[in-house]
Structures are given as structure tokens and as C-alpha cells.
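Working notes, beginning with the structure itself.
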Amino acid sequence: MSATFDFTDKQVFIFGGTSGINLGIARCFASAGARVAVASRSQDKVDAAVAELEQLGAQADGYSLDVRDTDAVEAALAAQAEKAGALDVLVSGAAGNFPALAHKMSPNAFKSVVDIDLLGSFHVLRAAFPHLKKPGASVINISAPQAFIAMPLQSHVCAAKAGVDMLTRTLALEWGALGIRVNSIAPGPIDDTEGMARLAPNEAAREACRKTVPMQRFGAASEIGEAAMFLSSDAAAYVSGVVLPVDGGWAVAGAGSAALAASLMPNM
Ligand code: HXC
Ligand code: NAP
Numbered sequence: 009m010s011a012t013f014d015f016t017d018k019q020v021f022i023f024g025g026t027s028g029i030n031l032g033i034a035r036c037f038a039s040a041g042a043r044v045a046v047a048s049r050s051q052d053k054v055d056a057a058v059a060e061l062e063q064l065g066a067q068a069d070g071y072s073l074d075v076r077d078t079d080a081v082e083a084a085l086a087a088q089a090e091k092a093g094a095l096d097v098l099v100s101g102a103a104g105n106f107p108a109l110a111h112k113m114s115p116n117a118f119k120s121v122v123d124i125d126l127l128g129s130f131h132v133l134r135a136a137f138p139h140l141k142k143p144g145a146s147v148i149n150i151s152a153p154q155a156f157i158a159m160p161l162q163s164h165v166c167a168a169k170a171g172v173d174m175l176t177r178t179l180a181l182e183w184g185a186l187g188i189r190v191n192s193i194a195p196g197p198i199d200d201t202e203g204m205a206r207l208a209p210n211e212a213a214r215e216a217c218r219k220t221v222p223m224q225r226f227g228a229a230s231e232i233g234e235a236a237m238f239l240s241s242d243a244a245a246y247v248s249g250v251v252l253p254v255d256g257g258w259a260v261a262g263a264g265s266a267a268l269a270a271s272l273m274p275n276m
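Residues in the sequence shown are numbered consecutively from 9, following the working numbering.
The following block contains the structure:
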């Protein structure tokens, strides 16, 4: 974990913070001294995440909720504000994904991902607004390369995450004068995550994916946590409305051209 950032006396709330990338972000903030709240559907995952964050020495709180339930989101944020005051950092990272062709997907399948990723982010940001520190709060939406690179089997995620990034840009505009910064992080393929397990379910698929990353490796959840801390630190005090890819160059190259580069430069 990083020793570079100090979030002592700061408060962070991470929606979807109980596993994978978002738990990695929670671990980073907890290790840097922050009080951290996490929320997701499974009470077991919430309890395990809180216990792990407490083991890191942080004060931690957990809420079992679905981001599609606006009342539950509002209630959790109000309860946390009652306990710990205004939020310094809000991370909206709850998401769902499964590989499916658009013409074979049911309308409800497409809707379920849009409801969780895009509408869920709107619910979280809208409900958090009264509780964000003004000035000074940092809001981070967890996006994906699918927001700007079309991918087969991902029409629902591409549409939802593109919407999330426009929400980032719009709210950076609306909230900028209040001293609230709003940014997205677009992680590349991150190892040991549910997302990668679903999109690259076997070794051959993992290897093919790894080769499309210009840096030729998967990322770690802690590397997304480092980026989240950077965006929430004074070092990024004038950074708002950006979509920051943290992806070993994946987004710059696009999957196709990175694979082409690898084939043209086999001995590099
Ligand atoms: C086709 C599917 C499907 C599949 C579900 N559905 N899985 N359709 N292929 N594999 C359909 C169902 O049939 C149903 O439609 C509709 O989707 C809703 O399904 P439910 O199971 O009722 O939904 P729910 O219980 O709300 O679960 C939401 C979920 C689920 C998204 C479907 O997978 C989930 O909870 N995911 C959370 C964890 C996750 O996905 N983590 C990875 C995030 S990674 P019908 O018509 O039958 O009612 C990520 C980006 C990764 O976001 C990027 C990597 C580079
Ligand atoms: P993950 O472990 O499944 O993380 C998703 C989190 O959101 C879990 O804590 C999950 O917990 C929660 N969640 C899901 N649906 C929810 C809902 N309706 N309401 C509340 N919480 C909900 O998957 P991950 O791969 O680490 O993905 C984390 C984030 O990174 C997502 O935003 C994803 O789009 C993004 N991302 C991932 C990758 C990657 O390589 N994995 C790449 C780019 C972007 P519960 O099941 O308890 O609800």
C-alpha cells in the first residue's frame, strides 16, 4: 500500500466497495488513514469487507443495499453522515456485467446493467450531494474502457459506462463552483476480479486479453486505488471532469492495434 497519500481525518464512502477493484480502493484509503464506509447487496460481503478494513486499522462502516433502490441509498448516506459528518470522497463503483450478444439479450438483461451502472450511479451521486464536503469533496465514478471502445458482447456495458462518463462531465460542470470535483477512472483488465473472470473465463482467453495490453500485463486493484487517492488528493486539486484510464495503455492503443503492435514487434 502507498505511503504517499495521507487521508487521516477524511471520510470515504464506496458504493460497491465489498469486492474486487472497489475493495482494492477501500483498502488503499483505509491504509492511508481514512474512515471508510462500503455498501453492496450481500450482507456477508459487507461484513467481510468491514472486518478486513478494520484489520487495516481503519474505522469502517457497512451497508447492505441495492443501488437501484433510491430510498436505501439515501438512507445509508444519511445514516453515515449522522455518524461521521460530511464526505470527503465518494466512489460510485457498483456494476454488473455478463457477456451477451445484443440481438440475443432480453430487454430486461440490457436494462439490468443500465439500471445498476448508470441509474445506480445517478442515485448515488444525487443522494450524496447534500452530504458532500463543500468545498473540497472528490467524487469518483468507476467507468471502463467499454465507455469509449466498442466491444462485442458488451453493448449493455458500453452504453451504460458511456452514460456514466457523461454524468461525470455534466456534474463536474454543475458542481465545480461549489468546489466539488467529479472524475471517472476507467480501469483496464484487472487481475483477480469478477469482471475479468466473466469476460476471460479461461487461460486462453486471459492470455489473449493480456497480449492486447501495451504493457503486456493485467493491472492490480491497488493500482486503481492509487489513482483514486491521487484524484482525491491535493495533487489533483485542479483536476475535474476527466476520465482517467488506468490500463497499461489499453485505451490509447485499442485492443486491435495493441495486438497488431505485438505481432509486428515479436522480439521486442
Ligand atoms: C444473458 C443474462 C445473463 C447472461 C443475466 N441475464 N445473466 N442474460 N446472459 N449471462 C439476464 C437475466 O436472464 C434477466 O433477464 C436479467 O439479465 C436480469 O437478471 P437477474 O439475475 O434477475 O438480475 P440481478 O439479480 O439483478 O443481477 C444483475 C446481474 C448479475 C448484472 C445480471 O450478473 C450481477 O449481480 N452482477 C454483479 C457482479 C458483476 O457483474 N461483477 C462484474 C462487474 S465488471 P430476463 O429477461 O430473463 O428477466 C464490469 C466491467 C468489467 O462491470 C470490464 C472488464 C474489462
Ligand atoms: P465486482 O467484484 O463484482 O464488484 C462489483 C461490486 O458492486 C461488488 O461489491 C458488488 O457486491 C457490488 N454490486 C453489484 N451490483 C450491485 C447493486 N445492484 N447494488 C449494490 N452493489 C452492487 O467486480 P469488479 O470486476 O471488481 O468491478 C468493479 C468495478 O470496476 C465495476 O464498476 C466495473 O464495471 C469496473 N471495471 C472492472 C474491470 C475489471 O477488470 N474487473 C475493468 C474495468 C472496469 P454485491 O454482489 O454484494 O452487490
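Quick reminder that beta carbons are idealized off the backbone N, C-alpha and C, glycines included.
Quantities reported herein were computed from a predicted structural model and do not represent experimental measurements.
Do you know how far the Cα of residue j is from the Cα of residue i?
i           : j           : result
residue 256 : residue 233 : 15 Å
residue 217 : residue 155 : 18 Å
residue 66  : residue 120 : 34 Å
residue 53  : residue 183 : 32 Å
residue 261 : residue 221 : 8 Å
residue 187 : residue 212 : 47 Å
residue 197 : residue 161 : 16 Å
residue 84  : residue 71  : 7 Å
residue 150 : residue 194 : 6 Å
residue 12  : residue 231 : 13 Å
residue 148 : residue 116 : 27 Å
residue 80  : residue 15  : 27 Å
residue 219 : residue 258 : 10 Å
residue 41  : residue 214 : 35 Å
residue 9   : residue 238 : With a pLDDT of only 49 at residue 9, under 50, the local geometry of the prediction cannot be trusted, and no value is derived from it.
residue 207 : residue 107 : 6 Å
residue 276 : residue 225 : Legend: pLDDT at residue 276 = 47, less than 50; position of this residue unreliable, value from coordinates given subsequently. Their backbone Cα atoms lie some 15 Å apart in a straight line.
residue 91  : residue 122 : 32 Å
residue 38  : residue 30  : 12 Å
residue 95  : residue 189 : 13 Å
Taking the alpha-carbon of residue i as reference, which of the options has the nearest alpha-carbon?
i           : options               : result
residue 100 : 139, 220, 79 and 126  : 126
residue 18  : 252, 259, 250 and 242 : 242
residue 68  : 46, 228 and 197       : 46
residue 78  : 211, 131 and 254      : 131
residue 49  : 73, 194 and 180       : 73
residue 111 : 207, 104, 64 and 164  : 164
residue 105 : 244, 252 and 201      : 201
residue 169 : 247, 128, 134 and 215 : 128
residue 56  : 39, 76, 35 and 75     : 35
residue 32  : 199, 152, 178 and 166 : 199
residue 97  : 63, 236 and 248       : 236
residue 240 : 140, 134 and 87       : 140
residue 244 : 177, 179, 174 and 146 : 146
residue 88  : 60, 254 and 136       : 136
The ligand HXC heavy atoms versus the CB of residue i: any closer than 8 Å?
i           : result
residue 79  : no
residue 100 : no
residue 126 : no
residue 5   : Lying outside 9 to 276, the shown extent of the chain, residue 5 is not represented and no answer is given.
residue 218 : no
residue 105 : yes
residue 201 : yes
residue 155 : no
residue 120 : yes
residue 237 : no
Is residue i near the ligand NAP, in the sense that its beta carbon is under 8 Å from a heavy atom of that ligand?
i           : result
residue 74  : yes
residue 165 : yes
residue 277 : Lying before the first or after the last residue shown, residue 277 is absent from the chain, which here runs from 9 to 276.
residue 150 : yes
residue 48  : yes
residue 31  : yes
residue 54  : yes
residue 192 : no
residue 204 : yes
residue 184 : no
residue 229 : yes
residue 197 : yes
residue 26  : yes
Answer yes or no: does any C-beta atom of chain D fall closer than 9 Å to that of residue i?
i          : result
residue 64 : Included in the structure is just one protein chain, with no chain D present.
Exercise. Which runs of the alpha helix (DSSP H) fall wholly inside the stretch 102 to 135 and span at least 4 residues, in chain order?
Worked result: 115 to 122
Exercise. Can you list the beta strand (DSSP E) stretches of 3 or more residues lying completely in the stretch 76 to 102, in chain order?
Worked result: 97 to 100
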